[in-house]
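For reference, the structure is listed below as structure tokens.
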Amino acid sequence: MRLIVLGDLHFSTYQNQAENAARDRFFEGFFRQVAAHKADLVIAIGDTTEGGFVDQLAYQTEIARQAGVDLVRILGNHDAYNLDKSEIARFFLGEHTSAGSPDLYTGFEAGPVRCLLLDTTRSKNPNWSGFVSDEQLAWLGQQIAAHNRGDLPYLVVIGHHPIFGTTDYSANRWYNIEDSRPIQAEFAKLERQPAFYLCGHNHSNSLAGPDAQGWYYVQVGAPLLCHSYGLFTFDEAGARFETVDIDLSDPAFRAASETIRLAQGEGFNGRPLAEMYGLDRDHRLVVPRR
Ligand SMILES: [Fe+2]
Ligand SMILES: [Fe+2]
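Just so you know, we're using this note's numbering here: the sequence shown kicks off at 66 and counts up by one.
Structural data, given as structure tokens:
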């Protein structure tokens with residue numbers, strides 16, 4: 066089973082038509098490269114759009130589909146800034162219905178993997194840190210207990226915000242799920258290792274773990290900043306994660322990428338690109354099958 070994880074895409078609507086044209090050119094090319102892997106699942110890890118508006122989500126869906134990608138989105142803080150979750154629910158979780166409301170979260174099986182998609186966002190709240198409701202926490206506990214009793218070899222939990230103190234910047238204020246302790250208490254109940262927690266939000270590539278309970282932490286960088294995305298492979302040999310560099314060899318495609326990266330403004334571009342891309346240790350993870 067191959068799973069592609071796209072970091073924060075921040076699909077925006079710009080005032081300048083040249084920037085909108087660059088956005089279309091970049092995302093058409095980007096999704097075509099993603100589609101070429103013919104992965105079983107493509108998950109966009111939140112902040113898929115800049116403002117979570119219906120027109121942005123619908124247009125991004127269309128560009129992805131035309132390129133051959135059926136995006137499965139989870140919510141990021143940006144997606145939840147402007148509209149109620151119920152208004153944009155149809156663009157999230159792919160074909161899966163949410164296990165709760167108003168938060169959008171679900172679980173499903175994909176080959177040897179039990180996938181849990183979390184919603185770590187606050188709704189229409191300027192606080193961009195992560196938050197997980199008691200209802201969702203209880204559901205997560207039930208899902209981990211069910212995994213412990215089951216026979217699938219891998220558990221993969223995917224949320225937009227990092228767990229405090231794991232991957233790069235996750236100890237910074239608002240760069241994490243604000244109170245990560247209840248989640249870690251649920252994670253500690255894992256009885257069958259390994260398990261993976263995948264996140265975005267901090268825009269840099271970073272790997273951490275395993276911790277004492279056998280959890281690996283995979284933070285996938287924003288493609289516009291890192292020029293990469295994540296690819297997981299689960300097979301007889303085990304689980305592997307690698308970052309895939311976007312092919313920027315076409316000058317027009319590269320120029321489009323740079324145009325929209327810069328159009329995202331200073332906040333988005335606050336750190337050097339090399340720092341966001343990370344080191345060798347942030348790009349590859351191999352966990353042999355037990
Ligand atoms: Fe983001
Ligand atoms: Fe975010």
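We put the CB at the ideal spot given by N, CA and C, even for glycine. Since this is a predicted model, take the numbers as computed values, not measurements.
For the set 312, 343, 336, 347, the Cα lying nearest the Cα of residue 99 is the one of 312. The straight-line gap separating the alpha-carbon atoms of residue 246 and residue 318 is approximately 43 Å.
If you check the CB distance, residue 159 and residue 184 do not come in under 9 Å. Residue 69 places its beta carbon less than 9 Å from that of residue 108. Segment contact: the region 145-152 against the region 164-172, three or more CB-CB distances shorter than 8 Å; contact assigned. At a cut-off of 8 Å, the beta-carbon of residue 112 counts as near ligand 1: some heavy atom of the ligand is closer than that. Positions of the beta strand (DSSP E) runs, each at least 3 residues long and wholly inside the region 114-162, are given as 136-138 in order along the chain. Close CB contacts of residue 209 within its chain, under the 8 Å cut and outside five residues either way in sequence, are with 220, 251, 252, 254, 255 (chain order). By the criterion of a C-beta distance shorter than 8 Å, residue 302 is surrounded in its chain by 353, 354, once the five residues flanking it on both sides are discounted. Closer than 8 Å to some heavy atom of ligand 1: that describes the Cβ of residue 142.
Within the same chain, and ignoring the five residues on either side of residue 104 in sequence, the residues whose Cβ sits closer than 8 Å to its Cβ are 67, 68, 69, 296. Exposed is the label assigned to residue 101, since fewer than 16 other Cβ atoms lie within 10 Å of its Cβ.
Three or more beta-carbon pairs drawn from the region 84-94 and the region 324-339 are found closer than 8 Å, and the two stretches are therefore classed as touching.
Taken through DSSP and simplified to helix, strand or coil, residue 171 comes out as strand. For the 9 Å CB-CB criterion, residue 285 and residue 117 do not form a contact. Distances from the CB of residue 345 to the heavy atoms of ligand 2 are all 8 Å or more. In this structure, residue 292 has its CB at a distance of at least 8 Å from all heavy atoms of ligand 1. The beta carbon of residue 77 is closer than 6 Å to those of 115 in its chain, skipping five residues each way along the sequence. Taken in chain order, the unbroken stretches of alpha helix (DSSP H) that lie wholly in the region 178-248 and span 4 residues or more are 199-214. Apart from the 5 residues on each side of it in sequence, residue 240 sits with its Cβ closer than 6 Å to the Cβ of 234, 267 in its chain, given in chain order. Per DSSP, residue 100 is one residue of the alpha helix (DSSP H) stretching across 82-100.
Residue 214 counts as exposed, since fewer than 16 other C-beta atoms from the protein chains shown sit within 10 angstroms of its C-beta. Taken through DSSP and simplified to helix, strand or coil, residue 349 comes out as strand. In the displayed model, residue 307 falls within a strand according to three-state DSSP. Around the beta carbon of residue 162, fewer than 16 other beta carbons lie within 10 angstroms, which makes this residue exposed. Within the same chain, Cβ atoms closer than 7 Å to the Cβ of residue 178 are found at 66, 217, 219, 221, 299, the five residues on either side in sequence being excluded. DSSP places residue 344 outside both helix and strand once states are collapsed to three, so it counts as coil.
When C-alpha distances from residue 275 are compared across 174, 123, 351, the shortest belongs to 351. Contact annotation: residue 264 and residue 316 have beta-carbon atoms that are not nearer than 9 Å. The DSSP-derived three-state label of residue 322 is helix. Secondary structure of residue 297 (DSSP, three-state): strand.
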